[in-house]
Amino acid sequence: AASPALALYLIDFGALTAEIVAAPAAFGFTNVTAPCFNTLVPSPTLCATPNTYTYWDPFHPTAAAHAVIANRAAATIGR
Numbered sequence: 009a010a011s012p013a014l015a016l017y018l019i020d021f022g023a024l025t026a027e028i029v030a031a032p033a034a035f036g037f038t039n040v041t042a043p044c045f046n047t048l049v050p051s052p053t054l055c056a057t058p059n060t061y062t063y064w065d066p067f068h069p070t071a072a073a074h075a076v077i078a079n080r081a082a083a084t085i086g087r
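This is how it looks when you write it as structure tokens:
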């Protein structure tokens, strides 16, 4: 059914990830390749500065990366 009040916005997360990897310092990151909390090794390790990492674990963004995503979403919808 049509819903004239509904507005859908698309965010290209692949493109945003590519931007972050190409210029990590512009987003406040120093590590865009290794996870802060590496759970895929026998003795998991935790980084000292999670806000400088893009990934929390091998699969999920850190809180800092989520903030970048949220800011992009807000900019996309004009808020």
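Just so we're aligned, residue 9 is where the sequence shown starts under my numbering, counting upward by one. Even for Gly, the Cβ is constructed at its ideal location relative to N, Cα and C. Computed from a prediction, not measured in an experiment: that's the story for all the values here.
Cross-strand partners of residue i (DSSP beta bridge)
i          : result
residue 45 : 54
residue 63 : 69
Buried versus exposed, by CB contacts within 10 Å (16 or more), residue i
i          : result
residue 17 : exposed
residue 37 : buried
residue 70 : buried
residue 43 : buried
residue 56 : exposed
residue 62 : buried
residue 73 : buried
Beta-carbon proximity of residue i to residue j, cut-off 8 angstroms
i          : j          : result
residue 64 : residue 45 : yes
residue 19 : residue 60 : no
residue 48 : residue 66 : yes
residue 24 : residue 87 : no
Residue i: first and last residue of the uninterrupted alpha helix (DSSP H) it sits in
i          : result
residue 79 : 71-85
residue 25 : 21-30
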